[in-house]
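Take a look at the structure below.
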Amino acid sequence: MLEDRTTTAAPSPTAWPAAYPQGYAVVDVETTGLARDDRIISAAVYRLDARGEVEDHWYTTVNPERDPGPVWIHGLTSEMLEGAPLFTDIAGEFATRLEGRVLVAHNAVFDWQMIAREYARARSEAPVRQRLCTIALSKELGLPLPNHKLETLAAHFGVVQRRAHHALDDARVLAEVFRPSLAAAAAGGVRLPLLECRPLTEWSDSPVPHQPGGYGGYRPTSWRPSRRRPACPYPNPGRYQDGEPLKQGMRVAFSGDTSVERDLLEDRAVEAGLHVSTSISRLTSLLVTNDPDSGTSKVVKARQYGTPVVDEAAFGQLLRDVAPADE
129 MLEDRTTTAA
139 PSPTAWPAAY
149 PQGYAVVDVE
159 TTGLARDDRI
169 ISAAVYRLDA
179 RGEVEDHWYT
189 TVNPERDPGP
199 VWIHGLTSEM
209 LEGAPLFTDI
219 AGEFATRLEG
229 RVLVAHNAVF
239 DWQMIAREYA
249 RARSEAPVRQ
259 RLCTIALSKE
269 LGLPLPNHKL
279 ETLAAHFGVV
289 QRRAHHALDD
299 ARVLAEVFRP
309 SLAAAAAGGV
319 RLPLLECRPL
329 TEWSDSPVPH
339 QPGGYGGYRP
349 TSWRPSRRRP
359 ACPYPNPGRY
369 QDGEPLKQGM
379 RVAFSGDTSV
389 ERDLLEDRAV
399 EAGLHVSTSI
409 SRLTSLLVTN
419 DPDSGTSKVV
429 KARQYGTPVV
439 DEAAFGQLLR
449 DVAPADE
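Last residue of the sequence shown? That's 455 in the working numbering, and every number before it is there in order.
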């Protein structure tokens, strides 16, 4: 089912930062799960203008050609998705909604990685080059939130959720909380936490050697440039303590294979306010590895320095609620 509605908003006379983007695509996708080989089963996009006013919105279900996964969460059964279009059928329209805009999502790295994989499977690329995570923006604004769940952010701005985990309603809620967040950022001269969207250049759902789980093989081509990340704006608060939350500014290193593609996992850490380190030193707060008994140089140095070590699953849980940096 496709839906498209257009509204016209009057421009605000308030001064606006010239460096801010000219348009946004607020996105939510529901999926069959969280792994590399999981698929999108529904997607929604609210297109916003430069000041966050809604221009139009669009929604579709997608046939994932597999089991729909946690139906108790998203409510989409195999029977409901049987007649839905394939991703290749809606890829063009989806791209039109994204083109030339900053992708905005709650935990944006997840939505981006699912979208990037679907386009890679379709031997194409999503026409979006930057993303903005509303979790990162709420932290930049210093909003007084007990946590950074979407329902908490919605309650803060008085936005009513009607159907949680329904892509169209989640995108609507996010668009409604993004507009005042964007206005607050503009009024306060806050630099938006924009990150690069790098499309996958090669994808296969066939088994790939040395990949955790064996599927979802992503192989970067040789021409891809090395990543240059902006400096972490927060001071290093020291080592991670077991049972405590991560804190913005902590230095995190990764070693070995990960079920989530490494660049995207590192992006999640950066969006949470962590410093991603390429090596281990006495200042490293935490090492993330799924093989703590391996003999890699990072694991060996972590043992020497007494650096705390957690696996990818535990790290993913910790990323859900990173404590703000000390003022």
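Every residue, glycine too, gets a C-beta built ideally from N, C-alpha and C.
Candidates the options, of which the one nearest residue i by Cα
i	options	result
Arg-410	Pro-436, Trp-200 and Ala-146	Pro-436
Arg-225	Arg-251, Gln-376, Tyr-152 and Gly-161	Tyr-152
Ala-172	Pro-420, Tyr-148, Trp-200 and His-234	His-234
Leu-328	Lys-426, Ala-178 and Ala-244	Ala-244
Ala-143	His-185, Gly-317, Pro-213 and Gly-203	Gly-317
Leu-265	Gly-366, Leu-302 and Leu-162	Leu-302
Arg-431	Thr-412, Glu-440, Ser-252 and Ala-442	Thr-412
Leu-269	Val-232, Gly-220, Val-157 and Leu-320	Leu-320
Leu-271	Leu-446, Cys-261, Leu-278 and His-284	His-284
Asp-120	Met-378, Glu-221, Gly-371 and Trp-240	The structure shown does not extend to residue 120, since the chain spans only 129 to 455, so no value can be given for it.
His-185	Glu-210, Arg-179 and Tyr-174	Tyr-174
Cutoff 6 Å; reference residue i; Cβ partners in own chain excluding five residues on either side
i	result
Leu-393	Thr-386
Leu-414	Tyr-368, Val-380 and Pro-436
Ile-218	Thr-188
Arg-229	Gly-151, Tyr-152 and Ala-153
Ala-397	Val-380 and Val-404
Leu-446	Leu-374
Ala-212	Thr-189, Val-190 and Asn-191
DSSP bridge partner residues for residue i (one or two, in chain order)
i	result
Ser-405	Ala-381
Tyr-148	Answer is none; Tyr-148 lacks a bridge partner.
Arg-259	Leu-231 and Leu-323
Val-438	Val-416
Pro-154	Pro is not the amino acid found at residue 154; the sequence shown has Val there. In DSSP, Val-154 forms a bridge with Tyr-174 and Val-232.
Ala-451	Lys-375
Thr-159	Ile-168
Whole-number beta carbon distance between residue j and residue i, since they are thought to touch under 8 Å
i	j	result
Tyr-187	Ala-295	6 Å
Phe-215	Glu-181	That pair is no contact at about 29 Å.
Cys-325	Arg-251	About 18 Å; that fails the 8 Å criterion.
Val-155	Ala-299	6 Å
Thr-288	Val-305	The question names Thr, but residue 288 is Val in the sequence shown. Wrong, their Cβ atoms sit about 11 Å apart, outside the cutoff.
Glu-474	Ile-263	Given that the chain is displayed from residue 129 to residue 455, the structure contains no residue 474 and the question cannot be resolved.
Arg-290	Asp-297	5 Å
Contacts around residue i, its chain only, beta-carbon distance under 7 Å, and the 5 residues preceding and following it disregarded
i	result
Pro-452	Lys-267 and Gln-376
Thr-160	Asp-166, Arg-167, Ile-169, Pro-192, Arg-194, Asp-195, Pro-196 and Gly-197
Asp-395	Val-237 and Leu-323
Gly-100	No answer is possible for residue 100: the residues shown for the chain start at 129 and end at 455.
Ile-408	Ala-381, Leu-415, Lys-426, Lys-429, Ala-430, Tyr-433 and Thr-435
Asp-454	Pro-365
Thr-280	Leu-273 and Pro-274
Residues near residue i by beta carbon distance below 8 Å, same chain, minus five either side
i	result
Asp-449	Asn-275, His-276 and Pro-373
Pro-145	Ala-314 and Gly-317
Arg-257	Glu-324 and Cys-325
Pro-255	Ala-223, Leu-226, Glu-227 and Gly-228
**OP:** List in chain order: all unbroken alpha helix (DSSP H) runs of 4+ residues lying wholly within the segment 184-237.
**Re:** 199-202, 206-209 and 215-226
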